[in-house]
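Read top to bottom, the protein sequences are chains A and B. Position one of the first sequence corresponds to residue 1 (our numbering), numbered consecutively onward. Position one of the second sequence corresponds to residue 1001 (our numbering), numbered consecutively onward. Below you'll find the structure, written out as structure tokens, and then a few comments.
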Amino acid sequence: MSTPLLVVAEGAIPARAQMGASLGFHIIFACFGIAFPAVVLIAHWIGIRRGNQVALVLAQRWSKVAAVIFAVGAVSGTVLSYELGLLWPGLMGRYGAAFGIPFAIEGIWFFVEAIFTAIYLYGWRRLSPWVHWWSGMPMVVAGILGAFAVVAANSWMNQPSGFTLQDGRIASVDPWSVIFNRATPYETPHMVLAAYMVVGFVVAGVYAVGLLRGRRDRYHRLGFLIPFGVGAVAAPIQVIIGDILARAVADQQPIKFAAMELVDNTQRGATEWLGGIYWNGEVYFGIGIPYLDSILVGFSPNTEVIGWNSVAPEFRPPLANLIHLSFNGMIAIGMGLMVLGAWQAWVWKFRREVLSTRWFLIPAALAGFASIAAMELGWIVTEVGRQPWIVYGLLPTEDAVTTAGGVPVTLAATVVIYGVLTATSIAVPWLMGRRWRAPGAAGEDTVQTPYGPRPGRVGETPA
Amino acid sequence: MNPSGATSAVAVLLFVTIAGYALFAGADFGGGIWDLLAGGAKRGAAAREAIDASVTPVWEGNHVWLIFGLVVFWTGFPSAFSAVMIALFVPLALSLLGIVLRGVGFAFRHEAERLSTKRLYGALFAAASVMTPFFFGVVVGAVATGAVPANPGGNVLSAWTSPTAVVTGLLFVATCAYIGGVFLVADSERRGEPDMVRYFRRRSLAAGLVAGVLAAIDLVLLRESAPYLWPRLLGPALPAVVVSVVGGIAALVLMRSNRRHLLRGAAALAVAGVVAGWGVAQYPWVLPGAVTLAQGSAPEAAQWALFVALGLAVLFVLPAFVWLYWLHQHGMLHESEPPPAPALAAENRAAATNRAAAATRPALGPHPILETAVIALVVTGIGRDLVRQLFQRRNRQG
Ligand code: HDD
Ligand code: HEM
Ligand code: HEM
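Put into structure tokens, the structure is as follows:
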């Protein structure tokens, strides 16, 4: 295929790189906005219910880390709102009336989340325990609903519906079927679960490192178990949803699916490639399992799988190998994490202990990175696989990109700023952790956060 | 062609959002400007502390107005949104840069104390507080003068480098400083800090004067550069302009009294009046001379979706906000000290000396979460089979 090169060389590249970088950054923080409140509340619940001091300390410390992460999520999300206009005026100008609706709903839920975050974060001292616990609950609900709304916007790009066109302009809109388009029922749960996996395994990973270093106290064991449990529950469900999602993609976006599975010509009995690189009609370095692709798509070796050669070269996604390998990577990680979770669950069922072997703890410490990687890979599959369309089948990406100059400059700025931001958002919780571990530091948790009112007048020095 | 009722309502919603952002976030930007001008680390310490205490709790909530405004703009008037975004790419990108730097400065400033980069973050925050309102002003100036065409082919540099646009930018900065100063006077009074009251009183007075002069210059410039806006400013929009001027002067007078609620109200009128005046003067254009409200509006169903979102906001966000403020006013929200962690160090030592200790059971009862995990595994296994069955049947039928 010589087409990928052509498409890549076209004008939208800087804008696409910038959009991808900003989204790939935001989504990590968004995951914490979606799933972290639930993890915190589980620890909090154990703390109150069982009078478990360790769980309470965990909940409180996590809530402070959450506040810093949420602020970065809000800033990077604002960047995205701008970029939709700055980089893709052709998309917003033509389809803003439809595409914008889910974002209007999204805003409401994030507002709710921000308010209750403030209440929860500063309610530790004076609210009665259960009122306080319940004040955290809206964060969980709003996080899920907010994610639902944004991902519905993305599903709409994959399966646009709910509007009629007249002279290339939207003439009427059906907001309901914009939000509940054909891809929404699959994409949204998959993303929400991804968020729970990311948060669960990342937080657990922090404590896994502690356990590896020989800090085997209750604090570390519990700090590991709670988030790991969340991730371990989400993992198998995620694999099942992913399986259903793949079939939906095969049905709704067959050319994307062809790239995911390296199917060039439409065929029955298609081979499933594990790994592998497509070059001039051949797949190299891959393990091919005959018929499996057809079986996965239609439960029969006879199922027909559509290949990309069924459409003209300019309608095929670029970089089929990237899409295919990303897809494989996501699945491999998903399976691996499921096994890891099941292993600990098994041991817990019979022995009630946290596994202490290095064979478990080292992968567990890395599970957070793995789940983030799986999530990013999944988005690459979705977004690059949709190319050359920005709105599937309707609007080519090139027609949507801004005609204003200067995108390379903003791209460079984006990369630099996000690099620094990433470093800082890792460094700050890390430093918090160090402070918490310092001897005699139990009373010194005066993390100041950008959310919520400060306690009246305090004598602390300002920054 | 006059816009329909729903279209006008969306336009009003958009301008209310702009006014909300100008007022609340404007005050936060003003705080940042005074932070920048507060002088050396020692001399400015008290002022910076007051600013920090006033702005920290609210900046992020106030920031949501902007996000909501963008959403209303692109959903309500997509084609005009797209034209503005193309023609004014540069000032918009710069305002965004300011927003990011400010947010970052804010988020990490307190933590930075320990990173000993606190100064850098403080400077980021303060400088960005000047940059953002300036470029927003430039954008508004460009739109109001009718310099944004309906179908720009790329950046329109002349649109936002005109004297009117630049003066409008400066006017925005001065206005933010003014409104921020006034709010800080009120806040300092509430906290009972006469020194700070005096400090900010002097400064907002100065900022008010500068803003007044800039507004006058801007008006003179608009006469030449905004052939559509100018007559309407002195026509239908005149009441709003008068309200704004009266409010601004009233606030300066009220500053000597102890009526901080009135004071805030008067300053708010000054800002809201300007925004309302701008809106009325532009009617019925979104982009004067290029796109009218009626031409640019989204289909009615999309507008209704916006109202539904607004309804949801009233239903969910408002009560939550009331509760937050109630809790705050009743002193229920505090920075917390954590409950002392149980003696863990000893446990760690035991673990280190005795490897068996690692394998002892944690002192917890049966753990519901992991039991759920196991059950979930089994259930999802069964569920998967079920799903397969379902799909298979459908497959055979189809
Ligand atoms: C922790 C993260 C994670 C894990 C373990 C998995 N996924 Fe995934 N996947 C995502 C995170 C993700 C994602 C980042 O959240 C995506 C991008 C868009 C979306 O809705 O979810 C996604 C997209 C995505 C798509 C593309 C949808 C589209 O193009 O519209 C498919 C077909 C799958 N996934 C399938 C799977 C399968 C079969 C998995 C089995 C192991 C799997 N995913 C595990
Ligand atoms: C609801 C959420 C999302 C929306 C509305 C969205 C929207 C967009 C848009 C408008 C573009 C540019 C046009 C295009 O290249 O097709 C894009 C591209 C891209 N997005 Fe998304 N996106 C979303 C989520 C994500 C996430 C979370 C990631 C995370 C990694 C991501 C990764 C990318 C990448 C890598 C590209 C560039 C694709 C290419 O150049 O081939 N997207 N997205
Ligand atoms: C799959 C994609 C996305 C998901 C799951 C997602 C989810 C979230 C979540 C959970 C938050 C709350 C952050 C926090 O409190 O930590 C957030 C913030 C935000 N997101 Fe995203 N987001 C996605 C993509 C986008 C896109 C494409 C945009 C651009 C329009 C966007 C705009 C925003 C904005 C403006 C905020 C800040 C809201 C506020 O704090 O008031 N997001 N996002």
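Glycine included, every Cβ here is placed at the ideal spot set by N, Cα and C.
CB contact check: residue i to chain A, cutoff 9 Å
i                 : result
LEU1070 (chain B) : yes
ALA1313 (chain B) : yes
HIS1261 (chain B) : no
ALA1304 (chain B) : Reading off the sequence shown, one finds Trp at residue 1304 (chain B), where the question assumed Ala. True, the Cβ-Cβ gap to chain A drops below 9 Å.
ILE1086 (chain B) : yes
SER1158 (chain B) : no
TRP1285 (chain B) : no
GLN1258 (chain B) : In the sequence on display, residue 1258 (chain B) carries Asn and not Gln. Chain A, which has no Cβ nearer than 9 Å to the Cβ of ASN1258 (chain B), makes this no.
VAL1100 (chain B) : yes
GLY1005 (chain B) : no
PHE1015 (chain B) : no
VAL1139 (chain B) : no
VAL1317 (chain B) : yes
SER1008 (chain B) : no
Cα-Cα separation, residue i to residue j
i                 : j                 : result
VAL354 (chain A)  : LYS1118 (chain B) : 40 Å
THR1353 (chain B) : LEU340 (chain A)  : Residue placement at THR1353 (chain B) is poorly supported in this model, since its pLDDT is 41, which falls under 50; the coordinates are not used for a value here.
ALA1142 (chain B) : ALA367 (chain A)  : 51 Å
ALA1011 (chain B) : LEU1293 (chain B) : 8 Å
VAL1070 (chain B) : ARG1223 (chain B) : The displayed chain sequence assigns Leu, not Val, to residue 1070 (chain B). Rounded to whole angstroms, LEU1070 (chain B) to ARG1223 (chain B) spans 29 Å at the Cα level.
ALA1046 (chain B) : VAL239 (chain A)  : 56 Å
VAL1148 (chain B) : ALA1087 (chain B) : 6 Å
ALA1025 (chain B) : ASN1062 (chain B) : 5 Å
TYR1228 (chain B) : PHE1073 (chain B) : 22 Å
ALA171 (chain A)  : GLU187 (chain A)  : 27 Å
TRP130 (chain A)  : THR403 (chain A)  : 55 Å
GLY136 (chain A)  : PHE1321 (chain B) : 14 Å
PRO1362 (chain B) : TRP436 (chain A)  : Interpretation of PRO1362 (chain B) is limited by its pLDDT of 35, a score under 50 that renders its predicted location unreliable; the figure taken from the coordinates is listed afterwards. If you take the alpha carbons of PRO1362 (chain B) and TRP436 (chain A), they lie about 22 Å apart.
Chain B contact residues for residue i, given Cβ-Cβ distances below 8 Å
i                : result
LEU212 (chain A) : What LEU212 (chain A) touches in chain B: nothing, since even the nearest Cβ is about 11 Å away.
PRO175 (chain A) : ALA1301, ALA1302, TRP1304, ALA1305 and VAL1308
ALA98 (chain A)  : ALA1302
Under 9 Å by beta carbon: chain B residues contacting residue i
i                : result
THR184 (chain A) : Per Cβ cutoff of 9 Å: no residues; THR184 (chain A) is ~16 Å from chain B at best.
THR410 (chain A) : PHE1089, ALA1093, LEU1096 and LEU1097
Residue i at chain B interface by Cβ criterion, 9 Å
i                : result
ILE170 (chain A) : yes
THR403 (chain A) : yes
ALA38 (chain A)  : no
ALA17 (chain A)  : no
PRO89 (chain A)  : yes
PRO138 (chain A) : yes
ALA374 (chain A) : no
ILE255 (chain A) : no
LEU86 (chain A)  : yes
PHE163 (chain A) : yes
ILE119 (chain A) : yes
Contact set between residue i and chain A, taken where Cβ atoms lie within less than 7 Å
i                 : result
SER1079 (chain B) : GLY93
ILE1067 (chain B) : THR78, SER81 and GLY107
THR1292 (chain B) : Under the 7 Å cutoff, chain A gives no residues; its nearest Cβ is about 15 Å from THR1292 (chain B).
LEU971 (chain B)  : There is no way to answer for residue 971 (chain B), as the model of chain B reaches only from 1001 to 1398.
LEU1124 (chain B) : Simply none; closest approach about 11 Å.
PHE1321 (chain B) : ILE115
Under 7 Å from the C-beta of residue i: neighbouring residues of chain B
i                : result
ILE289 (chain A) : Within 7 Å Cβ-Cβ: nothing; ILE289 (chain A) doesn't reach chain B, min ~18 Å.
MET103 (chain A) : Here the sequence assigns Phe to residue 103 (chain A), which means Met is not the residue at that position. Chain B residues near PHE103 (chain A): VAL1071.
Within chain A, the residues that residue i reaches when beta carbons sit closer than 9 Å
i                 : result
ASN1062 (chain B) : Those do not exist, as ASN1062 (chain B) stays about 11 Å from chain A at its closest Cβ, beyond 9 Å.
GLY1235 (chain B) : Under the 9 Å cutoff, chain A gives no residues; its nearest Cβ is about 32 Å from GLY1235 (chain B).
VAL1104 (chain B) : ALA71, VAL72, VAL75, ILE417, VAL420, LEU421 and THR424
8 Å Cβ cut-off: residues of chain A touching residue i
i                 : result
GLY1153 (chain B) : THR403
TRP1034 (chain B) : Simply none; closest approach about 13 Å.
The segment 277 to 295 of chain A touching the segment 320 to 336 of chain A, judged by at least three CB pairs closer than 8 Å: Segment contact: the segment 277 to 295 of chain A against the segment 320 to 336 of chain A, three or more CB-CB distances shorter than 8 Å; contact assigned.
Is the segment 88 to 98 of chain A touching the segment 1074 to 1085 of chain B, taking contact as three or more C-beta pairs under 8 Å? They touch, by the three-pair rule.
Say whether the segment 1129 to 1138 of chain B touches the segment 1213 to 1227 of chain B, bearing in mind that this needs 3 or more beta-carbon pairs closer than 8 Å, one atom from each stretch. No: fewer than three Cβ pairs fall under 8 Å.
Alpha helix (DSSP H) runs wholly inside the segment 13 to 52 of chain A, at least 4 long, in chain order: Counting only runs of 4 or more, we get 13 to 50.
With contact counted as at least three CB pairs below 8 Å, one residue from each stretch, are the segment 219 to 227 of chain A and the segment 269 to 281 of chain A in contact? Output reads no: the segment 269 to 281 of chain A does not touch the segment 219 to 227 of chain A.
If you pair each beta-carbon of the segment 414 to 432 of chain A with each one of the segment 22 to 31 of chain A, do three or more pairs fall below 8 Å? As far as the Cβ criterion goes, the segment 414 to 432 of chain A touches the segment 22 to 31 of chain A, which means the pair count is three or higher.
Of all the alpha helix (DSSP H) runs that stay within the bounds of the segment 361 to 426 of chain A, which reach a length of 4 or more residues? Complete alpha helix (DSSP H) runs here, min 4: 397 to 400.
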